[in-house]
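Residue numbers (the numbering used here): 14 to 594.
Note that beta-carbon positions come from the ideal geometry of N, C-alpha and C, so glycine has one too.
What follows is one structure encoded as structure tokens, with my remarks underneath.
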DNA sequence: GCCGTTTTCGGCCCGACTGTTTTCAGTCG
């Protein structure tokens with residue numbers, strides 16, 4: 014699929030046009046087109062072939078024509094023209110906090126600054142001071158922005174941001190006991206990475222709360238401190254914004270700062286059509302506030318039920334809400350098992366007993382023991398002989414207690430030929446077989462995963478994209494082919510709940526579900542505390558609009574066991590033939 | 001450049017904060 018490629022070009026065109034000083038509305042139109050393409054479920058080439066490009070909201074005649082141009086020639090003439098006028102290095106200047114398109118254009122025009130390096134030199138040589146509107150503090154801010162950019166390149170993974178926000182909220186509550194606090198922004202929407210952290214406080218004494226906030230020991234630097242808002246940088250370089258609002262505006266503010274921006278733009282538009290105005294202080298009819306204290310009443314004022322934060326991405330949730338068809342999204346409390354767990358037998362920390370205890374603490378009724386296989390030598394993968402012993406130990410454990418059911422399993426490497434790591438008769442003796450790629454990512458991952466899914470012993474595909482957020486990109490996978498193969502074979506695919514993986518991601522999890530694939534949310538835990546990553550996986554599932562019924566390990570043991578037995582018994586010959594793609 | 005309960009032209013979300021300004025531009029979310 015070339016959706017992402019075209020989206021990237023449109024996004025870049027928007028930035029280039031912004032530097033050129035083109036109409037903000039046109040710039041926004043390109044941004045919107047880029048987002049539309051990026052979150053499109055269908056292949057842009059198919060849409061184009063069928064003449065349906067302009068059916069996509071945000072794609073009009075002009076952008077559709079440019080999509081076609083890219084698909085035919087691999088480039089977009091207008092994009093090339095823009096690149097000729099604006100050096101590409103200016104685009105990275107926009108990544109420097111505090112530096113926007115106007116300043117980038119000014120720096121280029123007046124000082125011939127074409128890159129981040131040029132900017133650094135210009136600052137050091139004191140050349141910025143000659144520019145209009147460039148005072149001492151602005152220059153100092155740019156210097157700090159450059160430093161930050163070097164230290165923290167980009168966004169923070171959800172799991173790290175979550176830990177920071179939990180600590181900050183606890184500290185602020187100790188300092189100001191009565192304050193009501195909530196995370197907002199992309200963290201509350203459970204996006205896989207977070208740019209800045211947004212915190213919201215409901216209080217009748219905003220000045221006190223903001224003062225206490227900027228004085229927290231975790232704060233490394235205060236970036237801004239006003240009457241209603243303060244921004245700080247904490248140790249790890251992460252920026253945290255705190256907004257303080259009156260209790261009667263708390264719901265409106267929570268809604269407003271949770272976003273997403275696109276969701277809010279749409280709500281605002283809706284409010285306007287209803288003769289209302291919505292901002293961070295409430296929903297207004299004329300001067301009169303008609304809602305604001307809770308999110309529920311704000312949505313209700315707009316004729317909508319409350320929409321879960323994870324759905325607020327302008328992917329059709331408002332229409333769904335209006336029609337009264339919002340799904341009841343899966344919740345952490347619905348999860349009854351973890352189907353991907355490591356023990357001390359390979360590279361985990363826990364014994365079987367400890368694993369069972371930790372699972373019970375989280376309310377689980379069953380769990381799969383899936384230690385690494387032979388090929389994973391680096392992770393203490395089990396030989397066939399050791400696996401047999403391990404299998405006996407799990408069965409023995411089940412015999413002696415009845416509080417939780419452990420499934421004897423493995424996480425088998427998918428070898429380069431698509432084969433699994435143990436003899437078939439041993440694999441078939443296991444209750445639960447997870448298959449995953451751990452090496453040779455470049456060697457036909459799709460073909461290998463499809464073949465592994467078709468193995469009669471296989472139950473679930475683990476971390477199917479192989480990405481490590483912020484560290485390693487996903488391997489090249491033909492997702493449609495993979496999902497269709499999994500659906501045809503009746504096998505499950507994992508949403509790996511570790512915050513470094515979160516893989517399947519939200520859009521792919523939704524697509525998998527739509528194609529009839531069983532989806533399971535598993536932590537791949539190696540230590541006791543990693544069980545708690547489950548909430549991040551549930552966040553992805555909620556972003557994918559999954560209900561409890563869509564999640565394999567949200568089923569009670571009996572229902573799960575029924576599914577598992579049927580799946581294992583399904584003879585290869587009676588499976589639906591896989592469509593060639 | 002897109003789009004339509006404002007419908008083929010004329011809007012397009014809106015407020016806070018900072019810094020360099022004396023009334024506002026730029027940036028951010």
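By the Cβ rule, the segment 510–517 counts as touching the segment 539–557, because three or more pairs are nearer than 8 Å. Rounded to the nearest whole angstrom, the C-alpha separation of residue 315 and residue 211 is 24 Å. In terms of Cα proximity to residue 263, the closest of 43, 309, 251 and 551 is 309. Boundaries cannot be given for residue 67, as no alpha helix (DSSP H) includes it and DSSP labels it neither H nor E. Nearest C-alpha to residue 259 among 252, 44 and 295: 295.
Remark: C-beta atoms of residue 389 and residue 451 approach each other more closely than 8 Å. DSSP, reduced to helix, strand and coil, places residue 241 outside both helices and strands of the structure shown, so it counts as coil. The segment 182–199 and the segment 134–151 do not touch, with fewer than 3 CB-CB distances between them shorter than 8 Å. Secondary structure at residue 385: strand, using DSSP grouped into helix, strand and coil. In the DSSP secondary-structure assignment, residue 98 is not bridged to any residue. Out of 285, 193 and 208, the CA that lies nearest to the CA of residue 199 is found in 208. For the pair residue 555 and residue 321, the CB atoms are nearer than the 8 Å cut-off. DSSP places residue 472 outside both helix and strand once states are collapsed to three, so it counts as coil. For residue 355, same chain residues with a beta-carbon under 6 Å away, outside a window of 5 residues either side, are 361, 384 and 539 in chain order. Counting along the chain, residue 123 sits inside the alpha helix (DSSP H) bounded by residues 114–124.
Between the C-alpha atoms of residue 490 and residue 463 there is a straight-line separation of about 11 Å. In the DSSP assignment, residue 403 falls within the unbroken alpha helix (DSSP H) covering 397–413. Counting other Cβ atoms within 10 Å of its Cβ, residue 268 reaches 16 or more and is therefore classed as buried. Here residue 65 is not near residue 84, since their CB atoms are 8 Å or more apart. Close CB contacts of residue 435 within its chain, under the 8 Å cut and outside five residues either way in sequence, are with 386, 387, 397, 400, 423 and 425 (chain order). Rounded to the nearest whole angstrom, the C-alpha separation of residue 415 and residue 345 is 23 Å. Closest option to residue 191, judged by alpha-carbon separation, among 417, 171, 41 and 215: 215. Collapsing the DSSP output to three states places residue 530 in coil.
In this structure, DSSP gives residue 109 a state outside helix and strand, which the three-state scheme calls coil. If you look at residue 41, you'll find it in the alpha helix (DSSP H) that goes 37–51. Ranking 507, 499 and 375 by CA distance to the CA of residue 529 puts 499 first.
Residue 136: member of the alpha helix (DSSP H) spanning 129–137, first to last residue. Around the beta carbon of residue 86, fewer than 16 other beta carbons sit within 10 angstroms, so the residue counts as exposed. Residue 517 carries a coil assignment under DSSP once its states are collapsed to helix, strand and coil. The three-state secondary structure of residue 488, taken from DSSP, is coil.
In the structure shown, the three-state DSSP call for residue 560 is strand.
Straight through space, the alpha carbons of residue 72 and residue 141 are spaced by roughly 40 Å.
In terms of Cβ geometry, residue 421 and residue 437 do not form a close pair [threshold 8 Å]. In this structure, residue 194 sits away from residue 223, with a CB-CB distance that is not shorter than 8 Å. Partner residues in the beta bridge of residue 246, as assigned by DSSP, are 234 and 252. In the structure shown, residue 192 falls within a coil segment according to DSSP collapsed to helix, strand and coil.
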